[in-house]
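Shown next, in structure tokens, is the structure this report addresses.
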Amino acid sequence: KSGFLPDVSSTFSFWREYSVNSLREQDFESAQAGLYNLNQCLTDEYVVKISSNDFEEQISDRTVFQCDHCTMEQKEIINKGEEDERLKVTTVPNEIHYSRMKILERKLNTNETLLFSFSDNVEKIKIKNDYHTSSMDNLVKGFTTSTKNKNTIKYWICPDCNGDNYQKKGEWNTVKSVREMPFALGVIAEPPKRPKHLGNSLGFPERFSKWFYAFLEEIQSKMVLYRIEYVAQNGHDMTEPEYKDKGDHGHN
Numbered sequence: 011k012s013g014f015l016p017d018v019s020s021t022f023s024f025w026r027e028y029s030v031n032s033l034r035e036q037d038f039e040s041a042q043a044g045l046y047n048l049n050q051c052l053t054d055e056y057v058v059k060i061s062s063n064d065f066e067e068q069i070s071d072r073t074v075f076q077c078d079h080c081t082m083e084q085k086e087i088i089n090k091g092e093e094d095e096r097l098k099v100t101t102v103p104n105e106i107h108y109s110r111m112k113i114l115e116r117k118l119n120t121n122e123t124l125l126f127s128f129s130d131n132v133e134k135i136k137i138k139n140d141y142h143t144s145s146m147d148n149l150v151k152g153f154t155t156s157t158k159n160k161n162t163i164k165y166w167i168c169p170d171c172n173g174d175n176y177q178k179k180g181e182w183n184t185v186k187s188v189r190e191m192p193f194a195l196g197v198i199a200e201p202p203k204r205p206k207h208l209g210n211s212l213g214f215p216e217r218f219s220k221w222f223y224a225f226l227e228e229i230q231s232k233m234v235l236y237r238i239e240y241v242a243q244n245g246h247d248m249t250e251p252e253y254k255d256k257g258d259h260g261h262n
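Per my numbering, the very first residue in the sequence shown carries number 11; after that it's consecutive.
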């Protein structure tokens, strides 16, 4: 059970507004500092942990691969609670959790190596003599790193349709990370670093904004839990109404 929780609504409201306004002015250092202070408004039990390693572990548990060959139905409730509430069904690539699959690696002969070098259509290559790369370590490395041995190619077999899904240009271009409900993970990656040279800073504002709002969402999720415990302890809500999330994320 939590210890006594102070009313932090006024301080929370201040740092939230400060950080969002700093981001709008593209003052990234102040925006980052504002979020750190916002996070520290909460007690140790409720603060969001900042750790790239822990964040990657959380995300890897939610990693899915999209099959190139089979599909699934994705259901979504539109206008929930309204008079025109309806169910929307969309056909999307079938999603396979990494725990259900294995990464395989096939040897290429000389002709197949040449074919692979000039063609991205590697799913047409059919070769025997498979062997497994079983550890999650090897699987994760396969997401982003190119195959060092150009005489091999990596792939995985869909457990639902048995279709072969090949690594393309050294990457798994069908992989994506998803967040299960609730969205809060309780941890966020460390902020992106701004390149020293102007020529290398293209795309930094977008990367930082994405990190910023992900962090803000995590903090606000923790604030919801903080508020619930505060009300349970005191019998009433905190005095400053402006601490609540107005839904203004300003990144549309």
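All C-beta atoms in this analysis are idealised placements derived from N, C-alpha and C, irrespective of residue type, glycine included.
Three-way DSSP call (helix, strand, coil) for residue i in this model
i, result
"Tyr165", "strand"
"Val18", "coil"
"Val30", "helix"
"Gln42", "helix"
"Asn121", "helix"
"Asp247", "coil"
"Arg116", "strand"
Pair within 8 Å by beta-carbon distance, residue i and residue j
i, j, result
"Phe214", "Pro205", "yes"
"Ala199", "Phe65", "yes"
"Ile87", "Leu97", "yes"
"Glu115", "Lys164", "yes"
"Asn172", "Cys77", "no"
"Ser61", "Gly44", "no"
"Pro201", "Gln50", "no"
"Leu48", "Ser19", "no"
"Val99", "Lys117", "no"
"Glu239", "Leu15", "yes"
"Tyr56", "Leu235", "yes"
"Lys59", "Val241", "no"
"Asp75", "Trp166", "Note that residue 75 corresponds to Phe in the displayed sequence, not to Asp. Result yes, Cβ atoms of Phe75 and Trp166 sit closer than 8 Å."
"Asn89", "Glu95", "yes"
Extent of the continuous alpha helix (DSSP H) to which residue i belongs
i, result
"Arg217", "Phe214 to Asn244"
CB-CB length for residue i against residue j, believed under 8 Å
i, j, result
"Thr81", "Asn104", "6 Å"
"Met248", "Asp17", "5 Å"
"Pro169", "Met233", "Not really, about 41 Å apart at Cβ, beyond 8 Å."
Beta strand (DSSP E) segment containing residue i, residue limits
i, result
"Glu105", "Arg96 to His107"
"Lys85", "Thr73 to Ile88"
"Asn1", "Here the chain covers residues 11 to 262 and nothing more, so residue 1 does not appear."
Min CB distance residue i to chain C below 8 Å
i, result
"Thr21", "Of the chains in the structure shown, none is chain C; there is only one protein chain."
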